[in-house]
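Asks:
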Amino acid sequence: MALLQLREILFSPRILALCFSVYLIVGVFYRIFFHPLRKIPGPWYAAATYWYEFYQDVILNGNYIKEYPDLHAKYGPVVRVSPSRVHVSDPDYFKEAYGSGTKYIKDPDFFQSAGGIKHSIIMLIDPEVHKERKNTVQSLFSTKHVEHLAPVVLDVVQRAMAKAQRAFKNDQPINLQPFFQCITVDTIMPVLFDRQLNFVDSDEDEPPFLSLLGKFVDKFFLTKHFPMISHIAMSLPLSVARTVLPSYVAFREQCATWIKEDEEKQRDGKRIADGRKTYFDLLLEAEKTERLHKLGQEALVDEALSVCFGGTDTNSIALSFGTYFLLRNPDKLQKMLDELKGAPTNMDGLYEYHTVSKLPYLTAVIKEILRLGSPVPGIIPRRVPAGGASVGGHYLPEGTTVSQALRLINVNSYIYSESERFIPERWLGKAGWELEKYFVPFSKGPRACIGVNIAYLELYVCFANLFSHFEMELFDTNESTLKWVDNGVTRLLKPMKVKIKSIRGISQ
Numbered sequence: 001m002a003l004l005q006l007r008e009i010l011f012s013p014r015i016l017a018l019c020f021s022v023y024l025i026v027g028v029f030y031r032i033f034f035h036p037l038r039k040i041p042g043p044w045y046a047a048a049t050y051w052y053e054f055y056q057d058v059i060l061n062g063n064y065i066k067e068y069p070d071l072h073a074k075y076g077p078v079v080r081v082s083p084s085r086v087h088v089s090d091p092d093y094f095k096e097a098y099g100s101g102t103k104y105i106k107d108p109d110f111f112q113s114a115g116g117i118k119h120s121i122i123m124l125i126d127p128e129v130h131k132e133r134k135n136t137v138q139s140l141f142s143t144k145h146v147e148h149l150a151p152v153v154l155d156v157v158q159r160a161m162a163k164a165q166r167a168f169k170n171d172q173p174i175n176l177q178p179f180f181q182c183i184t185v186d187t188i189m190p191v192l193f194d195r196q197l198n199f200v201d202s203d204e205d206e207p208p209f210l211s212l213l214g215k216f217v218d219k220f221f222l223t224k225h226f227p228m229i230s231h232i233a234m235s236l237p238l239s240v241a242r243t244v245l246p247s248y249v250a251f252r253e254q255c256a257t258w259i260k261e262d263e264e265k266q267r268d269g270k271r272i273a274d275g276r277k278t279y280f281d282l283l284l285e286a287e288k289t290e291r292l293h294k295l296g297q298e299a300l301v302d303e304a305l306s307v308c309f310g311g312t313d314t315n316s317i318a319l320s321f322g323t324y325f326l327l328r329n330p331d332k333l334q335k336m337l338d339e340l341k342g343a344p345t346n347m348d349g350l351y352e353y354h355t356v357s358k359l360p361y362l363t364a365v366i367k368e369i370l371r372l373g374s375p376v377p378g379i380i381p382r383r384v385p386a387g388g389a390s391v392g393g394h395y396l397p398e399g400t401t402v403s404q405a406l407r408l409i410n411v412n413s414y415i416y417s418e419s420e421r422f423i424p425e426r427w428l429g430k431a432g433w434e435l436e437k438y439f440v441p442f443s444k445g446p447r448a449c450i451g452v453n454i455a456y457l458e459l460y461v462c463f464a465n466l467f468s469h470f471e472m473e474l475f476d477t478n479e480s481t482l483k484w485v486d487n488g489v490t491r492l493l494k495p496m497k498v499k500i501k502s503i504r505g506i507s508q
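The letter at position 104 of the sequence shown is residue 104 when you use the UniProt record's numbering, and the numbering goes up by one with no holes.
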């Protein structure tokens, strides 16, 4: 009887609430006064609880990165921004943490949760596993393969120009990001699956697939803080999962369908007519020959999601920002057009990649767009290796999560004079070469973006042909339209639009 009474007392709501409160208080007390990072400067509330980071990431929708400049101005180059993470504002430290030969690894707490795609090449933690996966597919992203892909991209851009011409005839504005997403999707899908979605031929403002992609990206930080969401969703019956996370499940289902079709083609011995191999051809073949560890269906779908995500959103943002920067700086645009006038075109009057990629001012324009637009703005955190590290006069013990926001390096005023202004000339001549070591729009080192060559291909071909054929003006778009958040990639809060004033010339 006494035991029953004691049990009722111990498990009463009041006692349980008291125990939970004590647990929270002790945790906060430990993090502030006894944690290994207790001497790192920063706001006490960020050190005390992960809920402040959650508030910035989820409630304020990817806002934390915008707080970092003020935090560094107040606390110095090394700031404790969560109980276990330190943010560094030191461009020279970037090479140590991210460059070739680094002993820092990706932070598992971030990369194994955010986005719900932990098995993808982007999120892999083990450097050897990543190297194995990268070696399997990197031929598709080599300079040689990009040359073979260039005619495909030129064809996609030419069809996008026809779409823009229809908008001009109908006196309709063009919503830039979905317009450019159609180009980037139609470029990456043949590489992934040898599949033509032909979004550039559609007059829909935003095809359903792109809408799904956007909703998937919007959940990036929610899944970081609550990784069980994606796991639970995928373990539920499909009818329930579609209700809980409809866009995430629908996107995975679509990618799973494409992968299944690729597997069936391989099983039936079907090949692309010209002998090319797709991303998933290479993965599936490597599995069969045991050159690659068996991935399984979940990992293959994660891979498809990540490449769609990385190959579509990042460059569409760069293209959108670039269009804005050029239209807001007509003198820079004119210099670019003057340079293009001296370059040869093909029989259709279009500029080809092998020609325009050698133009110095266009190259400077693209670098400045990537610097100022920062399509991947965020923190890409790493773990301090064995032995710890000294940064900015502070010791960081082994296992500490350390991060550097790419955007903060790209607009660092100690590196770039007038860092928030669009000045392509900074990349010309010797001065430009000296800036290269700090140029990190795609990160650097062994974990840098694998698709960087394809990204440059799209940027060169799009800017050279769109601006030489169309005279454009901003429509219902100003500096307030540039407001963005960090959702793993830069996400615009408002549509960025243009209208075509006149057509300088276009192949029908």
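Even glycine gets a Cβ: it sits at the ideal position worked out from N, Cα and C.
Note that the coordinates shown come from a computational prediction; the quantities given were computed from them, not determined experimentally.
What ranges does the beta strand (DSSP E) occupy inside the region 171-214, keeping only unbroken runs of at least 3 residues that lie completely in it?
Replies: none
Asks: How close, in whole Å, do the beta carbons of residue 415 and residue 375 come, if the pair is a contact with beta carbons under 8 Å?
Replies: Their Cβ separation, rounded to whole angstroms, is 19 Å, which puts residue 415 and residue 375 out of contact at 8 Å.
Asks: Return the CA-CA distance between residue 446 and residue 438, expressed in angstroms with no decimal places.
Replies: Annotation: residue 446 to residue 438 spans about 16 Å, alpha carbon to alpha carbon.
Asks: For residue 497, list the residues DSSP reports as bridge partners.
Replies: Residue 497 is bridged by DSSP to 175 and 475.
Asks: Could you check what DSSP says for residue 502 in three-state terms: helix, strand or coil?
Replies: strand
Asks: With residue 98 and residue 407 assumed to form a contact (beta carbons below 8 Å), what rounded beta-carbon distance in angstroms separates them?
Replies: That pair is no contact at about 15 Å.
Asks: Whole-angstrom Cβ separation of residue 140 and residue 461, contact assumed at under 8 Å?
Replies: The Cβ separation is near 18 Å, so there is no contact.
Asks: Taking the alpha-carbon positions, what's the residue 488 to residue 250 distance?
Replies: Their Cα atoms are separated by approximately 20 Å.
Asks: Between residue 494 and residue 185, what straight-line distance do the alpha-carbon atoms span, to the nearest angstrom?
Replies: 21 Å
Asks: Taking residue 486 as part of the alpha helix (DSSP H), name the residues at either end of that continuous run.
Replies: From DSSP, residue 486 is part of no alpha helix (DSSP H) but of the beta strand (DSSP E) over 484-486.
Asks: Which runs of the alpha helix (DSSP H), 4 residues or longer, sit entirely within the region 53-105?
Replies: If we require 4 residues or more, the alpha helix (DSSP H) runs fully inside the region 53-105 come out as 64-75 and 91-98.
Asks: Start and end of the alpha helix (DSSP H) containing residue 306?
Replies: 296-328
Asks: What does DSSP give as the partner residues of residue 510 in its beta bridges?
Replies: The requested residue 510 does not occur in the structure, where the chain is confined to residues 1 to 508.
Asks: Count the other CB atoms, across all protein chains shown, that sit within 10 Å of the CB of residue 490; report buried if there are 16 or more and exposed otherwise.
Replies: buried
Asks: For residue 410, which residues from the same chain have a beta carbon less than 6 Å from its beta carbon, with the 5 sequence-adjacent residues on both sides left out?
Replies: 371 and 374
Asks: Please check the pair residue 42 and residue 80, which I expect to be a contact at CB under 8 Å, by giving their CB distance rounded to whole angstroms.
Replies: 4 Å
Asks: Use the C-beta contact count for residue 341: other C-beta atoms within 10 angstroms, 16 or more gives buried, fewer gives exposed.
Replies: Exposed, because fewer than 16 other Cβ atoms sit within 10 Å of the Cβ of residue 341.
Asks: Taking the beta carbon of residue 45 as the centre, do at least 16 other beta carbons fall within 10 Å, making it buried, or is it exposed?
Replies: exposed
Asks: Comparing alpha-carbon positions, which option in 113, 177, 130 and 496 lies nearest residue 105?
Replies: 130
Asks: From the DSSP output, in three-state form, read off residue 470 for me.
Replies: Residue 470 falls in the strand class under three-state DSSP.
Asks: When the Cα of residue 196 is compared with those of 203, 502, 183 and 435, which residue comes out closest?
Replies: 183
Asks: Might you give, ordered along the chain, the residues of its own chain that have their beta carbon closer than 7 Å to the beta carbon of residue 263, omitting 5 neighbours on each side?
Replies: So the list reads 284, once near-sequence residues are dropped.
Asks: With distance defined between alpha-carbon atoms, name the residue in 193, 354 and 160 nearest to residue 278.
Replies: 193
Asks: What's the gap between the Cα of residue 513 and the Cα of residue 501?
Replies: Residue 513 cannot be examined here, being either before or after the span of the chain that is shown, 1 to 508.
Asks: Is residue 159 helix, strand or coil by DSSP?
Replies: In this structure, residue 159 counts as helix in the three-state DSSP scheme.
Asks: Is it true that the CB of residue 223 sits closer than 7 Å to the CB of residue 114?
Replies: yes
Asks: Where residue 507 and residue 345 are concerned, what is the direct C-alpha to C-alpha distance, given to the nearest angstrom?
Replies: The predicted position of residue 507 is uncertain, since its pLDDT is 41 and thus under 50; a value taken from the coordinates is nonetheless stated next. Rounded to the nearest whole angstrom, the C-alpha separation of residue 507 and residue 345 is 12 Å.
Asks: Let's see if you can read the secondary structure: which residues bound the alpha helix (DSSP H) around residue 391?
Replies: Segment 389-391 is the beta strand (DSSP E) holding residue 391; no alpha helix (DSSP H) there.
Asks: Where does residue 421 fall in DSSP's three states?
Replies: coil
Asks: Going by beta carbon distance, what residues of the same chain come within less than 6 Å of residue 229, once the five residues before and after it are set aside?
Replies: 223
Asks: Could you tell me the distance, in whole angstroms, from the CA atom of residue 50 to the CA atom of residue 83?
Replies: 6 Å
Asks: Under 7 Å between the Cβ atoms of residue 387 and residue 397?
Replies: no
Asks: Tell me whether residue 315 is buried or exposed, calling it buried when 16 or more other Cβ atoms sit within 10 Å of its Cβ.
Replies: buried
Asks: Just checking my contact of residue 61 with residue 391 at CB under 8 Å: how many whole Å lie between their CB atoms?
Replies: Residue 61 to residue 391, Cβ: 29 Å. No contact.
Asks: How many whole angstroms separate the CB atoms of residue 112 and residue 103, which I take to be in contact at a CB cut-off of 8 Å?
Replies: At roughly 19 Å, the Cβ-Cβ gap does not stay under 8 Å, so residue 112 and residue 103 are not in contact.
Asks: With a floor of 4 residues, list each alpha helix (DSSP H) that falls wholly inside the region 356-422, ordered by position along the chain.
Replies: 360-373 and 406-410
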